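Contents: one structure, followed by commentary.
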Amino acid sequence: MEAECWIDRESGECEFKDARLGDRFRKLLTQIGSAMGQSIPLVCQDWANTKAAYRFFSNDRVSETDILAGHFQSTLDRAAGGDGLVLVLHDTTEFSYQRQKSEAIGITKSVNSGRDKAACLRSHTICGILMHSSLAVTVEGVPLGLAAVKFWTRKKFKGTGRLKR
Numbered sequence: 048m049e050a051e052c053w054i055d056r057e058s059g060e061c062e063f064k065d066a067r068l069g070d071r072f073r074k075l076l077t078q079i080g081s082a083m084g085q086s087i088p089l090v091c092q093d094w095a096n097t098k099a100a101y102r103f104f105s106n107d108r109v110s111e112t113d114i115l116a117g118h119f120q121s122t123l124d125r126a127a128g129g130d131g132l133v134l135v136l137h138d139t140t141e142f143s144y145q146r147q148k149s150e151a152i153g154i155t156k157s158v159n160s161g162r163d164k165a166a167c168l169r170s171h172t173i174c175g176i177l178m179h180s181s182l183a184v185t186v187e188g189v190p191l192g193l194a195a196v197k198f199w200t201r202k203k204f205k206g207t208g209r210l211k212r
């Protein structure tokens, strides 16, 4: 019951284009919350729920803004309801994935791989997603929630040779 109240508070301001998407989102939060840190197939427990979860996340009518709107509003409410200062801590995290084709997910950076047998420099691209997040906390260190988050990838690197000179 307590988990359902938390889910209602955190998703209350989420406005999906279809009420069924909102219902699916709340169900996913319940499932993921019951087995934090586990894979989607494990928390969904059967193929039908797993497939529904993947369909939700790949739905063109669902965006990260839709998903995070409720949490951002709850964070703002918690920050406004407290006494004293609120600190906003920033961090950029890189999620790296191995892919044959970097276009499938995006590029995070290009790195030096050493030299080949002919003593020429080699480099390779790292595929993945970059995330910059802003976490609101009290001065005592109590987390209030995310104040902002942005995800991005790079299609290619422009002017990096010029920057090295």
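In our numbering, the protein residues as written are 48 to 212.
Virtual Cβ for every residue (Gly too), placed ideally from N, Cα, C.
Predicted model only: the values in this text are computed from it and were never measured.
(request) Would you grab the beta carbon distance between T140 and M178 for me? Rounded to a whole angstrom, and I think it's under 8 Å. (result) 5 Å
(request) Output the distance between the C-alpha atoms of S58 and T200, rounded to the nearest integer angstrom. (result) 27 Å
(message) With distance defined between alpha-carbon atoms, name the residue in D55, C52, P190 nearest to R43.
(response) A question about residue 43 goes unanswered here, because the residues of the chain that appear run from 48 up to 212.
(request) Output the distance between the C-alpha atoms of K98 and K74, rounded to the nearest integer angstrom. (result) 13 Å
(message) Can you tell me where the beta strand (DSSP E) holding T140 begins and where it ends?
(response) 133-144
(message) Quick check on this structure: which residue in Q92, L193, V109, P88 has the alpha carbon closest to the alpha carbon of D70?
(response) V109
(message) Run through the DSSP bridge pairs and tell me what T185 is partnered with.
(response) V133
(message) Within the continuous alpha helix (DSSP H) that includes V90, where are the two ends?
(response) 87-91
(message) For W199, list the residues DSSP reports as bridge partners.
(response) L177
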